[in-house]
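Below you'll find the structure, written out as structure tokens, and then a few comments.
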Amino acid sequence: MDQSSIDEFLDEVVQFKGERVLFDARHLRWVDPNGMVGLLLAGSVAGETLGMRPRIELPDNADVQGYLGRMGFYSHAQKVFECEEDTSGAVSRASDVLLEITAINTNHDVHEIVDQVQGRASAMLTSKLGYPSSSVIPFSVMLSEVCQNIIEHADGPGWVAAQAYNWAKRLGRFVIVISVMDRGRGFKGSLSDEHSARYGDRWSDSTALEAAFLQGLTRFADPGRGQGLQQIRKQVRKWSGLISARSGTARISQVPEWDDSLPMVDGMAPLPGTQISITLPAVVGP
Amino acid sequence: MTADAPDPIAIDVGEVLQRSVTSLHSSLITRPTGRAVRMAIETQLRGAGTLSVSLIDFSEVGIIDYSCADEVVAKLLKQYLADERQDALFVFRGVREPHLLQVEGVLQRQKLAAVVETAPSQFTLVGTFSDQERQVWDRLEAKRAINADAVDQIAPDRSGVMALESLVERGLVFRSSKSGSFHALSQLVAHLM
């Protein structure tokens, strides 16, 4: 479960009408930060709808179990799902884990994340992606801004996770994937009061996404606001990365030449909150 | 320096960060942190004379993000420029490469400019400014100060004079109200460094 399959999975959760739900992850064979954080989001959304925590059957594949353990998935899952105790035990931090799943509720959390990630990011950005050592600062700034987006605009809980791995088949090089998701009010909810009138009938999740993602619109009158996402996009473009944001029924992407995602996808299920995914590829050698 | 020269004030942002934010975090990130630091700086400035030039030092700051740069640099400048008295001038020190993009970004977004030290004793204009303003500012920076009757050395034509006026209005150059001489801000804070 990764960026390519997450929308379909989340749509199914939003459209589910039953009284009880079981997340059957037993046959999961692959999960990236988008998949893991998406799973927590899905459980959280289902729990909110049902008024009770949904049940999850954890993966039976030892590799996936170990990976979820290394990313700290189980401790977060205990708060979202009815699930068995984490049986994987304490695991040492793996060299590919850049940032374990971390809940974002306050600005203090953002400080903790940035403090924590710097040492590991420096090694990973240079050794796995071939970026210069100075890239750790723009990387940390990007992480800070994307996490603050949750606190400043979502008014709801969220999670972040990041990991480096080898996209051998898809790209033939290493990538770092950052996933940030919340189940807050989303871009449309955040911007509606100030900007919906101007758009009239055209106001929708996709126009709200375009306004925030492409034009830097925010609900604040302060002209200093709204530059976080713009600067993140600029930095991601500089590194030939992919950034994609889903909010409600739409997803907008800034697509590099190596990816074939559509710049805008609309008509999905009305998922609460905002979900941002960033993929940074290793530099191509001379 | 002229008799009506502004009061020089040195403000170490790293120290202000430690003092004003009740945590051990060393990074200048998140908007509330930036706001707290800006308010601490403003408090310090209220104790200054009627006219001040502040050296805001980022040398000890590890990371500054866009939200903080907006709060600490752009809002600080904007606030004092909007004040009719225009009684505070600023020089930003220790804005090395890791900070420069963020500081430049927030200044450009609001069409502001600032005098910034990007390497030891190397000052430059950062933000939004015209070519004429840049040329006049560079010439004054090289000369450090110039008397009113020698303005043509840095602003040889009418557009140059207008650019010099604009630099004064934008708080990027100090003009003595008594002698009419023009001073590079870096010169006014040189003894603080």
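Chains as they are written, first to last, in numbering that gives the first Met the number 0: chain A, 0 to 285; chain B, 0 to 192. Even glycine gets a Cβ: it sits at the ideal position worked out from N, Cα and C.
Min CB distance residue i to chain A below 9 Å
i	result
R138(B)	no
S129(B)	no
G104(B)	yes
Y79(B)	no
S19(B)	no
E96(B)	yes
E70(B)	yes
Residue i to residue j span [Cα, whole Å]
i	j	result
Q107(B)	V12(B)	22 Å
G129(A)	G171(A)	14 Å
F181(B)	A149(B)	10 Å
W238(A)	P280(A)	7 Å
D69(B)	C82(A)	44 Å
G65(A)	D1(A)	17 Å
A196(A)	D265(A)	21 Å
I251(A)	S185(B)	46 Å
P156(A)	Q131(B)	49 Å
S53(B)	I10(B)	7 Å
G34(A)	Q78(B)	45 Å
G118(A)	A47(B)	40 Å
D3(B)	I153(B)	22 Å
M70(A)	Q77(A)	14 Å
T278(A)	I242(A)	7 Å
N104(A)	R182(A)	12 Å
P7(B)	L191(B)	8 Å
I177(A)	S3(A)	14 Å
Under 9 Å between C-beta atoms of residue i and residue j
i	j	result
G185(A)	S246(A)	yes
A163(A)	I100(A)	no
Q253(A)	L40(A)	no
G33(B)	A87(B)	no
L99(B)	V125(B)	yes
A153(A)	S139(A)	no
A147(B)	Q109(B)	no
L142(A)	L98(A)	yes
A244(A)	F219(A)	no
Closer than 9 Å to chain B by CB, residue i
i	result
G247(A)	no
H110(A)	yes
R224(A)	yes
I175(A)	no
Residue i - containing alpha helix (DSSP H), residue span
i	result
N106(A)	106-126
N148(A)	135-148
I153(B)	From DSSP, I153(B) is part of no alpha helix (DSSP H); its letter is neither H nor E.
D23(A)	First-last for D23(A): 21-23, but that is the beta strand (DSSP E), not the alpha helix (DSSP H).
V15(B)	12-19
Terminal residues of the beta strand (DSSP E) in which residue i lies
i	result
Y198(A)	From DSSP, Y198(A) is part of no beta strand (DSSP E) but of the alpha helix (DSSP H) over 185-198.
H212(B)	Past the edges of chain B, shown from 0 to 192, lies residue 212(B), and the structure says nothing about it.
D56(B)	51-56
M308(A)	Since the first and last residues shown for chain A are 0 and 285, residue 308(A) lies out of range.
Y164(A)	157-166
S243(A)	241-247
L124(B)	121-126
Any non-hydrogen atom of the ligand ADP within 8 Å of residue i CB
i	result
S165(B)	Annotation note on the ligand ADP: not contained in the displayed structure, which lists no ligands.
What runs of the alpha helix (DSSP H), each 4 residues or longer, lie entirely inside the stretch 43-82 of chain A? Whole alpha helix (DSSP H) segments, 4+ residues: 61-69, 72-79.
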